[in-house]
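Numbering (our numbering), first residue to last: -11 to 499.
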């Protein structure tokens, strides 16, 4: 099932965390009002509640679960983003964090090795991680991405003057759950699905193919009425997750096979986790969903979806950190950095998912996560090790997407009556994308129009393409790449062992 829910790439963006009050008068009002009306993704977070749920002491980094995408000194957290749902490209994102005055913009400048600048009357610090850090108030910091100074100035002017939240009703409602939650994410997907793409997706769906007398037309008409998606995580041991897709029409056309169809979609857009298999379906007239226990491993995966840069943990206790001698600082920063990288590798090794495409997306996002780790005082040998590791992960992600580790040939051979832009495999900041455009497809090559097949829908719409042929070839490449991926993992393991030994000997402390 390939093109169907490409607009749901918004899932790869971010997940949020917070027990919320009303959007108009709740504790997040002052932050939500700062988000422009073009926002189609919202994140709100009570990091204090998250710490309590995870059993992490206040004032420490969330290293117990390695949620490195949230500021260490943060209390409340709100993120808004705009994703181009047609091209599946990140346009902008803004994260705001309230804190107890433990982190200043001057301290962040030191950790970024940059000078404090001024934009629209606010102190800002540019970051090599494609963003800006901004001091909005005495206890309010923000991070904006991409590092576009003009865009930043316009947003700063807007957030200063706007007093009422301009978000869509769906996002405002989703940001105010009826039940207490430690994690909530909302994506506004209204009017984002192309009916033609829905038909193409259904034609390639294994779930639909397994249904007797499946009514493709009715299912398509239901799916194009998708309103949005909300994901929540509630406190407990273990945590409890709840994923819901809302519609502007009744869901009778998909109600009998809602869970397998939803899982197929999540697998193809690359946000599937194994926990979902055991979750219970929740079916209502205008929504479908699943719910169940959520592992800490899955929580860490969702943490990788937050793409805005985060200040180095040292910025929250700069005076104490600077009181250490240079050797002690290097040892502490390097151990923190090494732990984050090895935790990522451990998570990927522990993932036993049978779906290669879903695994591919997590490999790519974890590679991005490594590249965005703060590097203040980190040993250069560790930085080089991490850079090499992230490239290995991207190579394996490409292989799991059906792209040869030697040549991405097949992904350039898709044939249909349109030309799609070839995807980027370089790990740039467009982290909301996934390999291959429509569900793994890359640029079409109209000159090589061979091996076409014809598929029809219940509505009489006929599409001529060779997608199934290419998908099968990509699946074969995934299998053929097993040996190469094993070799890459062996190389990563050897490099990890070598750098651990070097760092232990150099700093006289166990890494």
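Glycine is no exception: its CB is placed at the ideal position from the N, C-alpha and C atoms.
Small disclaimer: the values here were computed from a predicted structure and weren't measured.
Residues 21 of the same chain have their beta carbon placed closer than 7 Å to that of residue 151, with the five preceding and five following residues left out of the count. With respect to residue 282, residue 347 sits apart: the two C-beta atoms are not nearer than 7 Å. By the criterion of a C-beta distance shorter than 6 Å, residue 170 is surrounded in its chain by 5, 37, 38, 41, 221, 223, once the five residues flanking it on both sides are discounted.
7 Å or more divides the Cβ of residue 288 from the Cβ of residue 279. Taking a contact to require three or more Cβ pairs closer than 8 Å, the stretch 106 to 120 and the stretch 156 to 174 do not qualify as touching. For the pair residue 344 and residue 483, the Cα-to-Cα distance works out to about 25 Å.
Listed as beta-bridge partners of residue 114 by DSSP are 120. Uninterrupted alpha helix (DSSP H) stretches at least 4 residues long and entirely within the stretch 124 to 177 occur at 137 to 149, 157 to 162, given in chain order. Contact annotation, residue 377 with residue 363: C-beta distance approximately 14 Å; criterion of less than 8 Å not satisfied.
Taking residue 154 as reference, the option from 274, 33, 19 with the minimal CA-CA separation is 19. Restricting attention to 28, 349, 315, 67, the CA atom closest to the CA of residue 261 is found in 349.
Cβ atoms of residue 251 and residue 233 stay farther apart than 8 Å, at about 12 Å. For residue 84, DSSP records a beta bridge to 66, 130. If you draw a straight line from the Cα of residue 27 to the Cα of residue 69, it is about 5 Å long.
Judged by DSSP in its simplified three-state form, residue 277 adopts strand. Non-local beta-carbon contacts of residue 365 in its own chain, meaning distances under 6 Å to residues more than five positions away in sequence, involve 317, 318, 321 in chain order. Residue 244 and residue 266 have their C-alpha atoms some 17 Å from each other.
For residue 211, the closest C-alpha among the options 201, 188, 225, 197 is that of 188. Here residue 233 is bridged, per DSSP, to 217, 276. When secondary structure is reduced to three states using DSSP, residue 498 falls in the coil class, being assigned neither helix nor strand.
With 16 or more neighbouring CB atoms inside 10 Å of its own CB, residue 99 falls in the buried class. Between residue 292 and residue 81, the C-beta gap is not smaller than 7 Å, which leaves the two residues out of contact.
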